[in-house]
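Asks:
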Amino acid sequence: AQSVAQPEDQVNVAEGNPLTVKCTYSVSGNPYLFWYVQYPNRGLQFLLKYITGDNLVKGSYGFEAEFNKSQTSFHLKKPSALVSDSALYFCAVRDGGQAGTALIFGKGTTLSVSS
Amino acid sequence: GAVVSQHPSWVICKSGTSVKIECRSLDFQATTMFWYRQFPKQSLMLMATSNEGSKATYEQGVEKDKFLINHASLTLSTLTVTSAHPEDSSFYICSASTTSGSRGTQYFGPGTRLTVL
Numbered sequence: 010a011q012s013v014a015q016p017e018d019q020v021n022v023a024e025g026n027p028l029t030v031k032c033t034y035s036v037s038g039n040p041y042l043f044w045y046v047q048y049p050n051r052g053l054q055f056l057l058k059y060i061t062g063d064n065l066v067k068g069s070y071g072f073e074a075e076f077n078k079s080q081t082s083f084h085l086k087k088p089s090a091l092v093s094d095s096a097l098y099f100c101a102v103r104d105g106g107q108a109g110t111a112l113i114f115g116k117g118t119t120l121s122v123s124s
Numbered sequence: 167g168a169v170v171s172q173h174p175s176w177v178i179c180k181s182g183t184s185v186k187i188e189c190r191s192l193d194f195q196a197t198t199m200f201w202y203r204q205f206p207k208q209s210l211m212l213m214a215t216s217n218e219g220s221k222a223t224y225e226q227g228v229e230k231d232k233f234l235i236n237h238a239s240l241t242l243s244t245l246t247v248t249s250a251h252p253e254d255s256s257f258y259i260c261s262a263s264t265t266s267g268s269r270g271t272q273y274f275g276p277g278t279r280l281t282v283l
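Listed in order, the protein sequences are those of chains A and B. Reminder that position 62 of the first sequence reads as 71 in this note's numbering, one-by-one numbering, no gaps. Reminder that position 107 of the second sequence reads as 273 in this note's numbering, one-by-one numbering, no gaps.
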């Protein structure tokens, strides 16, 4: 069975400071990992994904994430937060060995960036 | 980039009526589409996986006779909530995968907010 844990319900940072949103996963096969962002009453926007290759993945809007196999983590990071980054962030995983399977989502982390 | 649309964006209906939600991949063909349900301030819960031309696969606890899914073409899947009740009120989100393989990224529609009175 696959699962995703986002241990923080909310992360608060000041504008201009670095931010980290944590994610750990459990999957039986090769993990395919994703980050999505959701603004109020909107669908999910794709930020980035890790399939294979370099453990540091760069995505949209200056976000990046680092895949750590030993710690089964895929934390989302950004060097300098913007107020407009305030939103709900979801980490998701899929077993890479199974084609056509859906993503399993974490519970989400609300990021609040203050000016 | 890949765009997925949903229609309607919101709907209010009376208890006992049926509501159809459309999900379209606008600029790519989606062999597989997924339907999720999201309650306020909660995560997305997978309801069913829809493959073009075949019956949908429903997750445990999801009533297939209540949530009818039709994936008629490579660009369109529909979810019909039959005999809707207030407890069916939720945010329904579809997604489509860009390829049939496991490396495809899922792109999500903007969601449909259903309110059953």
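Glycine is no exception: its CB is placed at the ideal position from the N, C-alpha and C atoms. Remember, it's a predicted structure, so these values are computed and weren't measured experimentally.
1. Tell me whether A:G115 is buried or exposed, calling it buried when 16 or more other Cβ atoms sit within 10 Å of its Cβ.
2. If you check the beta carbons only, do B:E225 and B:L212 fall under 8 angstroms apart?
3. Using the beta-carbon count (16 or more within 10 Å), is B:Q272 buried or exposed?
4. Identify every residue that forms a DSSP beta bridge with A:H84.
5. Is the beta carbon of A:E75 sitting closer than 8 angstroms to the one on A:L65?
6. By the DSSP assignment, the beta strand (DSSP E) with A:A90 in it spans what residues?
7. With distances taken between CB atoms, is the gap from A:L53 to A:F83 smaller than 8 angstroms?
8. Can you pull the DSSP bridge partners for B:N217?
9. Taking the beta strand (DSSP E) that B:T281 belongs to, which residues open and close that run?
10. Closer than 8 angstroms, Cβ to Cβ, to anything on chain B: give me those residues from the segment 46-79 of chain A, in chain order.
11. So A:V102 and A:L42 are supposed to be a Cβ contact under 8 angstroms. How far apart are they, rounded?
Replies: Looking at the atomic coordinates:
1. buried
2. yes
3. buried
4. A:E75
5. yes
6. Counting along the chain, A:A90 falls outside any beta strand (DSSP E), and DSSP gives it neither H nor E.
7. no
8. B:T198
9. 278-282
10. N50, R51, G52, L53, Q54, F55, K58, I60
11. 6 angstroms
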